[in-house]
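Residue numbers (the working numbering): 1 to 178.
The structure under discussion appears below in the form of structure tokens.
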């Protein structure tokens, strides 16, 4: 599945690192992130490793516990959700689109499904069809609606989880992105 995710990210024009199998709001998704090399370097030098533990993260909002917070070391480019049909796309991306652009990755080709695609386009949800050979077709480009919802504690914690996953799973020479 991971090579198909890379093809989908390329079709969307999302440059970054694909982090597969992330549990987000009851869904298994994949995220495309960019490491902010300058922030990662600073955090490493100043003892701010990823803080993926949700209980520790909640303490950031208690002024008595922390007078400084680390800057996010990754940028969430977008969220990829694998689905078997276009009918479940709205349900799968509905909440996730508050965090970043969200696109559904479907097995391709899809045939004529105009109405569901029009509905997804209306809500800003992207659709990419990827066949087994890795040919990806962008059917509906996603929109970034996250600014309409503003930042959230959950979104900030997710960035720490993704930062942790990148450091654990991606070789250092493959992490530097712009």
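Note that the Cβ used here is the ideal one computed from N, Cα and C, for glycine as well.
(request) Would you kindly check if the distance between the Cβ of residue 140 and the Cβ of residue 121 is under 8 angstroms? (result) Cβ distance < 8 angstroms, so residue 121 and residue 140 count as in contact.
(message) Check for me: the alpha helix (DSSP H) holding residue 82 runs from which residue to which?
(response) Not the alpha helix (DSSP H): residue 82 falls in the beta strand (DSSP E), residues 74–82.
(message) I'd like the span of the beta strand (DSSP E) that includes residue 38, first residue to last.
(response) Segment 37–45 is the alpha helix (DSSP H) holding residue 38; no beta strand (DSSP E) there.
(message) By the three-class DSSP mapping on this structure, what secondary structure does residue 103 have?
(response) strand
(request) Locate the beta strand (DSSP E) running through residue 126, then write down its first and last residues. (result) Residue 126 -> beta strand (DSSP E) spans 126–130.
(request) Using alpha carbons as the reference points, say which of 69, 163, 168, 170 lies closest to residue 36. (result) 163
(request) Just tell me which of 167, 168, 160, 166 has its CA closest to the CA of residue 72. (result) 160
(request) Helix, strand or coil for residue 2, going by three-state DSSP, please let me know. (result) helix
(request) Hey, could you find the ends of the alpha helix (DSSP H) residue 166 is sitting in? (result) 153–169
(request) To the nearest angstrom, report how far apart residue 43 and residue 168 are at their CA atoms. (result) 16 angstroms
(request) State yes or no: is the C-beta of residue 79 within less than 8 angstroms of the C-beta of residue 34? (result) No; because the gap between Cβ atoms is not below 8 angstroms, this pair is not in contact.
(message) Out of 88, 127, 118, 84, which one is the CA nearest neighbour of residue 102?
(response) 127
(message) Nearest by alpha-carbon distance to residue 148: which of 158, 137, 90, 124 is it?
(response) 124
(request) With DSSP collapsed to three states, give me the class of residue 144. (result) coil
(message) Using only the alpha-carbon positions, how far apart do residue 11 and residue 90 sit?
(response) 20 angstroms
(request) Could you please give me the residues that DSSP links to residue 52 through a beta bridge? (result) According to DSSP, residue 52 bridges with nothing at all.
(message) Please state the DSSP three-state secondary structure of residue 135.
(response) coil
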